[in-house]
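**Q** Questions regarding the structure given below will be posed in turn.
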Amino acid sequence: MESFTYSLCTKDKVPIAVSCLCKDGKTTECIERLNSLKEYDFGEYKSEYTIDYRLHTIIDGCMSDIKEDIICIGASVGVDDAEGRTGGIFGSCNNGASSATESVFFENGMVFGVKPGKGAFAIEEEKEKAENIINFFADEFDGSYEKSITLYNKLCENGNIFILMTDGSGEGSYGIAADRKNIVTVAETAYKGIERTDYKGFKRIGIMGGTFDPIHNGHLIAAQTVCDKLKLDIVVFMPTGNTSYKNKKFVTSGDMRFAMTSIAVESNERFSTSSMETEFDGISYTADTMEKFRRFCDYDAEIYFIVGADVLKDMTCWRNFRKLISLCGFAAVTRPGYPSVDRNKYTELFENDGSEIKFIEVPALDISSSYIRKAVKDGLSVKYLLPDSVEEYIKVHHLYEDNKKARNESELDRILNLIN
Ligand code: DND
Numbered sequence: 013m014e015s016f017t018y019s020l021c022t023k024d025k026v027p028i029a030v031s032c033l034c035k036d037g038k039t040t041e042c043i044e045r046l047n048s049l050k051e052y053d054f055g056e057y058k059s060e061y062t063i064d065y066r067l068h069t070i071i072d073g074c075m076s077d078i079k080e081d082i083i084c085i086g087a088s089v090g091v092d093d094a095e096g097r098t099g100g101i102f103g104s105c106n107n108g109a110s111s112a113t114e115s116v117f118f119e120n121g122m123v124f125g126v127k128p129g130k131g132a133f134a135i136e137e138e139k140e141k142a143e144n145i146i147n148f149f150a151d152e153f154d155g156s157y158e159k160s161i162t163l164y165n166k167l168c169e170n171g172n173i174f175i176l177m178t179d180g181s182g183e184g185s186y187g188i189a190a191d192r193k194n195i196v197t198v199a200e201t202a203y204k205g206i207e208r209t210d211y212k213g214f215k216r217i218g219i220m221g222g223t224f225d226p227i228h229n230g231h232l233i234a235a236q237t238v239c240d241k242l243k244l245d246i247v248v249f250m251p252t253g254n255t256s257y258k259n260k261k262f263v264t265s266g267d268m269r270f271a272m273t274s275i276a277v278e279s280n281e282r283f284s285t286s287s288m289e290t291e292f293d294g295i296s297y298t299a300d301t302m303e304k305f306r307r308f309c310d311y312d313a314e315i316y317f318i319v320g321a322d323v324l325k326d327m328t329c330w331r332n333f334r335k336l337i338s339l340c341g342f343a344a345v346t347r348p349g350y351p352s353v354d355r356n357k358y359t360e361l362f363e364n365d366g367s368e369i370k371f372i373e374v375p376a377l378d379i380s381s382s383y384i385r386k387a388v389k390d391g392l393s394v395k396y397l398l399p400d401s402v403e404e405y406i407k408v409h410h411l412y413e414d415n416k417k418a419r420n421e422s423e424l425d426r427i428l429n430l431i432n
């Protein structure tokens with residue numbers, strides 16, 4: 013048996029967080045099926061019951077041909093216009109959602125707990141050994157933040173495979189889906205839905221491409237300075253997808269880098285984030301990305317790809333470099349700690365191909381993602397190097413730490429504070 017968490021937005025931008033227990037080796041297949049929800053409309057629903065019912069129908073629908081592989085699935089959803097805003101389901105796909113009845117039961121070596129409208133868990137454990145979880149759940153769990161924290165910690169302490177989902181209710185949709193490795197929240201999933209995908213009407217666009225592992229104030233100040241100096245209408249941050257130049261194993265998942273980037277830019281109306289690369293399964297090359305991106309822009313839009321001047325020396329080796337420079341102009345920003353480049357050489361190189369390159373001085377911020385990763389690993393502060401909200405995200409998700417510890421009470425507390 014294995015567990016996973018997953019999150020997505022439906023076609024009409026409704027965020028769903030899922031946790032699932034499935035048979036060994038079936039995680040990828042389950043995620044593929046869940047992926048198809050991106051093509052579904054959730055629809056506008058106004059009562060909590062209908063939200064649950066709809067959630068059950070669509071998840072059941074996409075999992076129908078692999079029902080036998082799913083031991084238990086829990087999901088939480090946030091629907092903006094509905095009264096309760098959130099809904100949740102829990103149960104096996106074979107017997108329909110079991111979230112309708114309050115119960116704690118023991119079945120096939122697993123303990124299940126269900127409180128409709130509040131939350132549910134499933135843990136692989138002997139009944140006797142799970143006694144403290146069962147007692148807490150039956151007597152005290154009421155779906156509140158505090159009790160959700162306690163329940164999560166009790167499940168973690170127990171040491172076995174589990175999933176947990178909380179429904180959340182009222183104003184802040186704090187619904188979560190969790191397993192031992194990960195927690196996904198409805199609130200952070202919503203970023204996937206508010207992404208701009210149409211750039212029509214913008215005449216001057218900047219694209220800030222980067223691994224953003226993590227995004228930091230150096231990236232943000234560079235983008236803002238280029239935005240001001242080139243009078244751009246919008247700067248789109250494009251976290252990299254699978255690249256040929258970095259080993260996927262050592263890079264944080266595209267979803268998480270996209271979430272950090274979105275959180276970092278959300279307060280700036282001139283900034284936005286694109287998941288064009290992080291959502292693409294193949295290897296992403298900037299030339300292909302720019303070709304695709306252009307399709308979503310006016311034909312006469314002027315596009316500048318923003319790079320640190322340090323990147324220039326390698327750029328001529330990028331895949332389809334000549335095609336790339338025919339698709340957009342470039343803004344090369346000075347970066348502290350890196351030798352200055354021969355501007356005339358690059359100006360000539362780009363202009364010979366009918367492109368242009370602008371060199372832009374930005375206030376020197378000697379910050380790098382690699383320094384931040386190392387500082388977190390060494391337990392040093394990263395305050396003032398990146399936005400507080402990104403620092404918070406890193407803590408909550410235990411990114412860049414050496415040994416992934418089980419989350420403790422205060423850490424889950426932070427998640428709940430973050431999303432409320
Ligand atoms: P990085 O991994 O260097 O990003 O990727 C930059 C871009 O190059 C991405 O869009 C890649 O897709 C593209 N690329 C690379 C290699 C091959 C190909 C494409 C290809 O198509 O074949 P980082 O997250 O490290 O940094 C993002 C940007 O911010 C970089 O341009 C970097 O120089 C710049 N930067 C700073 N600028 C000013 N002050 C600072 C900076 N820290 C990073 N403190």
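To convert, count from 1 in the sequence shown and add 12; that's our numbering. Note that beta-carbon positions come from the ideal geometry of N, C-alpha and C, so glycine has one too.
Are there 16 or more other CB atoms within 10 angstroms of the CB of R347, so buried, or fewer, so exposed?
**A** Within the sequence shown, numbered from 1, the residue matching residue 347 stands at position 335. The residue in question, R347, is buried, as its Cβ has 16 or more Cβ neighbours within 10 Å.
**Q** List the endpoints of the continuous beta strand (DSSP E) containing F250.
**A** To locate residue 250, count along the sequence shown from 1; it is residue 238. Per the sequence presented here, residue 250 reads as Met, with Phe not at that position. Here the beta strand (DSSP E) through M250 covers I246 to P251.
**Q** Closest to L46 by C-alpha separation, out of S393, C21 and E56, would be which residue?
**A** Along the sequence shown, read from residue 1 onward, the residue named residue 46 stands at position 34. Nearest of S393, C21 and E56 to L46, Cα basis: C21.
**Q** How many Å lie between F308 and S284 at the Cα?
**A** Along the sequence shown, one-based indexing puts residue 308 at 296. Along the sequence shown, one-based indexing puts residue 284 at 272. So the alpha carbons of these two residues sit roughly 14 angstroms apart.
**Q** Mark Y164 as exposed unless 16 or more other C-beta atoms lie within 10 angstroms of its C-beta, in which case mark it buried.
**A** The residue you call residue 164 lines up with position 152 of the sequence shown. By the 10 Å Cβ count, Y164 comes out buried.
**Q** For the stretch 203-265, which segments carrying the alpha helix (DSSP H) assignment without a break, of at least 4 residues, lie completely within its bounds, in sequence order?
**A** Qualifying alpha helix (DSSP H) stretches, in chain order: 229-241.
**Q** Can at least three beta-carbon pairs, one atom from the stretch 313-320 and one from the stretch 218-236, be found at a separation below 8 angstroms?
**A** Cβ pair count under 8 angstroms is three or more, so yes.
**Q** Under a three-way DSSP split, which group does V408 fall into?
**A** Taking the first residue of the sequence shown as position 1, residue 408 is located at position 396. In the structure shown, V408 sits in a helix (DSSP, three-state: H, G or I).
**Q** To the nearest angstrom, how far is the alpha carbon of N144 from that of T162?
**A** Residue mapping note: residue 144 aligns to position 132 of the sequence shown, counting from 1. Residue mapping note: residue 162 aligns to position 150 of the sequence shown, counting from 1. Cα to Cα, N144 sits roughly 11 angstroms from T162.
**Q** Thinking C-alpha only, which one of G129, V123 and C105 is nearest T113?
**A** Residue 113 sits at position 101 when you count from the first residue of the sequence shown. The shortest C-alpha separation from T113 is found at G129.
**Q** Output needed for V394: all residues of its chain with C-beta closer than 7 angstroms, excluding positions within five of it in sequence on either side, in chain order.
**A** Taking the sequence shown and counting its residues from 1, the one referred to as residue 394 is at position 382. If we look at V394 and ignore the five residues flanking it on each side, its Cβ neighbours are I384, A387, V388 and E403.
**Q** Excluding five sequence neighbours on each side, which residues of the same chain lie with their C-beta closer than 6 angstroms to the C-beta of P251?
**A** Residue mapping note: residue 251 aligns to position 239 of the sequence shown, counting from 1. Cβ within range, chain order: F224, R269, F270, T273 and T290.
**Q** Can you name, in chain order, every residue of its own chain whose Cβ lies under 8 angstroms from the Cβ of K243, other than the five neighbours on each side?
**A** Taking the first residue of the sequence shown as position 1, residue 243 is located at position 231. Closer than 8 angstroms at Cβ, skipping near neighbours: R216.
**Q** At which residue ranges does the stretch 137-176 contain complete alpha helix (DSSP H) runs of 4 or more residues, listed in the order of the chain?
**A** If we require 4 residues or more, the alpha helix (DSSP H) runs fully inside the stretch 137-176 come out as 143-151 and 157-170.
**Q** With a threshold of 8 angstroms on Cβ separation, who are the neighbours of F149 within its own chain once the five nearest residues in sequence on each side are excluded?
**A** The residue you call residue 149 lines up with position 137 of the sequence shown. Closer than 8 angstroms at the Cβ level, and outside the excluded window around F149, lie V116, G125, K127, F133 and L163.
**Q** Flag this pair as touching only if the stretch 228-246 and the stretch 47-67 have three or more C-beta atom pairs under 8 angstroms; answer yes or no.
**A** Counting Cβ pairs under 8 angstroms, fewer than three are found: no touch.
**Q** Please list the terminal residues of the continuous alpha helix (DSSP H) segment that includes F11.
**A** Since the displayed the chain opens at 13 and closes at 432, residue 11 lies outside it and no answer follows.
**Q** Which stretch, first to last residue, makes up the beta strand (DSSP E) that contains F283?
**A** As a position in the sequence shown, residue 283 is number 271, starting the count at 1. First-last of the beta strand (DSSP E) with F283: F283 to T285.
**Q** DSSP three-state call for S422: helix, strand or coil?
**A** What you label residue 422 is simply residue 410 of the sequence shown in a count that begins at 1. At S422, the pLDDT of 47 sits below 50, so the modelled position is not reliable; the number obtained from the coordinates is stated separately. Reduced to three states, the DSSP call for S422 is helix.
**Q** Among the candidates I188, G187, D179 and K141, whose CA atom is the shortest distance from the CA of K166?
**A** To locate residue 166, count along the sequence shown from 1; it is residue 154. Nearest of I188, G187, D179 and K141 to K166, Cα basis: K141.
**Q** Could you pull the start and end residues of the alpha helix (DSSP H) that T40 belongs to?
**A** If you number the sequence shown from 1, residue 40 lands on position 28. Element bounds for T40: T39 to N47.
**Q** Whole angstroms is fine: what's the gap from G213's alpha carbon to Y311's?
**A** Translated into positions along the sequence shown, residue 213 becomes position 201. Translated into positions along the sequence shown, residue 311 becomes position 299. Cα to Cα, the separation comes out at about 10 angstroms.
**Q** Cβ of G230 versus every heavy atom of ligand 1: is any distance shorter than 6 angstroms?
**A** The residue given as residue 230 occupies position 218 in the sequence shown. Flag set: Cβ of G230 near ligand 1.
**Q** Can M177 and G99 be called in contact, C-beta distance under 7 angstroms?
**A** Reading the sequence shown from its first residue, position 165 is the one you call residue 177. Reading the sequence shown from its first residue, position 87 is the one you call residue 99. For M177 and G99, no; Cβs fall outside 7 angstroms.
**Q** Would you list the residues sitting across from I315 in a DSSP beta bridge?
**A** To locate residue 315, count along the sequence shown from 1; it is residue 303. Note: I315 sits in a beta bridge opposite I217.
**Q** DSSP on Y52, reduced to helix/strand/coil?
**A** Numbered from 1 along the sequence shown, position 40 holds the residue referred to as residue 52. Y52: coil per DSSP, three-state reduction.
**Q** Which class does C309 belong to by DSSP, given the choice of helix, strand or coil?
**A** Here residue 309 corresponds to residue number 297 of the sequence shown, with the count starting at 1. C309: strand per DSSP, three-state reduction.
**Q** Candidates V353, A344 and E303: which alpha carbon is nearest R331's?
**A** Along the sequence shown, one-based indexing puts residue 331 at 319. Answer by Cα proximity: E303.
**Q** Only counting the same chain, and skipping five residues up and downstream in sequence, which positions put a Cβ closer than 8 angstroms to that of N170?
**A** Your numbering for residue 170 matches position 158 in the sequence shown. Hits under 8 angstroms: I135, E137, K141, A142 and I145.
**Q** Inspect the beta-carbon positions of L336 and A276 and report whether they are closer than 7 angstroms.
**A** Translated into the one-based positions of the sequence shown, residue 336 becomes position 324. Translated into the one-based positions of the sequence shown, residue 276 becomes position 264. No.
**Q** Taking DSSP's pairing of strands, which residues face A271 in a bridge?
**A** For this step, residue 271 is matched to residue 259 along the sequence shown. Note: A271 sits in no beta bridge, so no partner.
**Q** Any heavy atom of ligand 1 within a distance shorter than 6 angstroms of the CB on Y257?
**A** In the sequence shown, residue 257 corresponds to position 245, counting from 1. At least one heavy atom of ligand 1 is nearer than 6 angstroms to the Cβ of Y257, so yes.
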